[in-house]
Amino acid sequence: MPANLTPAYRDADERFRNATTNEEKIAALEEMLAVIPKHKGTEGLQADLKRKLSRLKEAATQQKKGATHTDIFHVPRSGAGQVVLLGMPNTGKSTILATLTKAKVVVADFPFATQVPVPGMVKYEDVQIQLVDMPPITADYSAPGQVGTYRNGDIIGVVIDLSQDVEEQVLVLLDYLESRKLLLDEKTPAVDGQSNAQGKKAVGLCTKADLAPDGAFELVTKSCDKMAEFLRLSTPTGEGYDKLGEMLFRQLSILRVYAKPPGKPADMNDPFTLPVGSTVHDMAKAIHRELAEKLRSARIWGTGVYDGQSVHLTHTLHDKDVVELHFG
Ligand SMILES: Nc1nc2c(ncn2[C@@H]2O[C@H](COP(=O)(O)OP(=O)(O)O)[C@@H](O)[C@H]2O)c(=O)[nH]1
Ligand SMILES: [Mg+2]
Numbered sequence: 001m002p003a004n005l006t007p008a009y010r011d012a013d014e015r016f017r018n019a020t021t022n023e024e025k026i027a028a029l030e031e032m033l034a035v036i037p038k039h040k041g042t043e044g045l046q047a048d049l050k051r052k053l054s055r056l057k058e059a060a061t062q063q064k065k066g067a068t069h070t071d072i073f074h075v076p077r078s079g080a081g082q083v084v085l086l087g088m089p090n091t092g093k094s095t096i097l098a099t100l101t102k103a104k105v106v107v108a109d110f111p112f113a114t115q116v117p118v119p120g121m122v123k124y125e126d127v128q129i130q131l132v133d134m135p136p137i138t139a140d141y142s143a144p145g146q147v148g149t150y151r152n153g154d155i156i157g158v159v160i161d162l163s164q165d166v167e168e169q170v171l172v173l174l175d176y177l178e179s180r181k182l183l184l185d186e187k188t189p190a191v192d193g194q195s196n197a198q199g200k201k202a203v204g205l206c207t208k209a210d211l212a213p214d215g216a217f218e219l220v221t222k223s224c225d226k227m228a229e230f231l232r233l234s235t236p237t238g239e240g241y242d243k244l245g246e247m248l249f250r251q252l253s254i255l256r257v258y259a260k261p262p263g264k265p266a267d268m269n270d271p272f273t274l275p276v277g278s279t280v281h282d283m284a285k286a287i288h289r290e291l292a293e294k295l296r297s298a299r300i301w302g303t304g305v306y307d308g309q310s311v312h313l314t315h316t317l318h319d320k321d322v323v324e325l326h327f328g
């Protein structure tokens, strides 16, 4: 990014990165274009902003055309991955959002304060991960459309309050997930035979560690071995909050790469995120499907290569690689 950008521009840029809706993104981009210093050094950036803006506006009109009814449980995806919270009432779901994101959630010591999904963005290093607060479920009630939000996400964040009966919570939450074929296990693959999304990876977010009786956390980890990982969290002590972003990034199994235009420095502010295992060709496809067919070669600075090494299009990328794509 050019060095001489103004604070007004950086503010708008920050708003863009934290935006959760297309409307917010469009507003932020228009602001960025309005305040960006207009000179030769920012021409590339200006073109890039205009491209993003027109793509978003197009998506917005498409959305309007197709909007016959609105599903309040459909949360449009944003950022590098979507993590949807699941938990019983008053277990600290909204608190996680309030602590890590700028989302306006209601934290309250009465149940059912949250009635619709509320998305927010969690920053991990230079990556934004979307976290979705949800209405609670109980042993005998969950909102009918709620399952759709979980089905649409990448990971389910199973929130378990360590100060309450953890066995009861594990029972209710696992029953919810398993009876709807939502939890990834030997019998529930990530996609079914018709390539519909099915099993989701789940992580255990164990809240109120400050109030936990001895052994509560160990009881949780022992009673649900289908969970990929567990984390102890507490707001009064701050425990675990510094680890959550890294954990979600790792469990999303994604890597970030920085695109470098030939002869110019890479834009280190705006990584592309791709599934772990992606190749140079996959990266080109993610940038532009048609352009990918014209990809001829690439040079990489990063892991397992010497600086600027030319690689095949089938070369597997690593997190934080800088990639210079050459099109023919
Ligand atoms: N002691 C303690 N209280 C917490 C913690 N996290 C949340 N709470 C409290 O638990 C109550 C319910 O929190 P909330 O986030 O609204 O739960 P939700 O219904 O699951 O969204 C609120 O009074 C919070 O202040 C924590 O780590 N420690
Ligand atoms: Mg809540």
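Just so we're aligned: the sequence shown equals residues 1 to 328 in this note's numbering. For every residue, glycine included, the Cβ atom is placed at its ideal position computed from N, Cα and C. Note that the coordinates shown come from a computational prediction; the quantities given were computed from them, not determined experimentally.
Scanning the segment 201 to 269 from its first residue to its last, the whole alpha helix (DSSP H) runs of 4-plus residues come out as 216 to 223, 241 to 251. In the structure shown, Ala19 falls within a coil segment according to DSSP collapsed to helix, strand and coil. Taking Gln164 as reference, the option from Pro37, Gly87, Gln251, Leu317 with the minimal CA-CA separation is Gly87. In the pairwise beta carbon analysis, the segment 74 to 86 is classified as touching the segment 140 to 156: at least three pairs are separated by under 8 Å. When DSSP reads this structure, Gly157 sits in a beta bridge with Leu85, Val203.
Put simply, of Gly215, Leu162, Trp301 the residue whose alpha carbon is nearest the alpha carbon of Asn90 is Leu162.
Shown here for Ala292: same chain residues with a beta carbon closer than 6 Å to its own, the five before and five after excluded, namely Ala284, Lys285 in chain order. Using a Cβ-Cβ distance cut-off of 8 Å, the segment 47 to 66 and the segment 132 to 148 are not in contact, since fewer than three pairs of beta carbons, one from each stretch, lie closer than that value. DSSP, reduced to helix, strand and coil, places Gly304 outside both helices and strands of the structure shown, so it counts as coil.
Per DSSP, the continuous beta strand (DSSP E) segment holding Leu274 begins and ends at 272 to 275. Pairwise C-beta distances place the segment 248 to 264 in contact with the segment 121 to 139, as three or more of them are shorter than 8 Å. Non-local C-beta neighbours of Tyr150 in its own chain, meaning closer than 6 Å and more than five positions away in sequence, comprise Val84, Ile156, Leu182, ordered along the chain. Within the chosen limit of 7 Å, ligand 2 does not reach the beta carbon of Ser142 with any heavy atom. Going by DSSP, Tyr150 is part of the alpha helix (DSSP H) stretching over 146 to 152. In the structure shown, the three-state DSSP call for Thr61 is helix. One Cα belongs to His74, the other to Phe272, and the distance between them is close to 24 Å.
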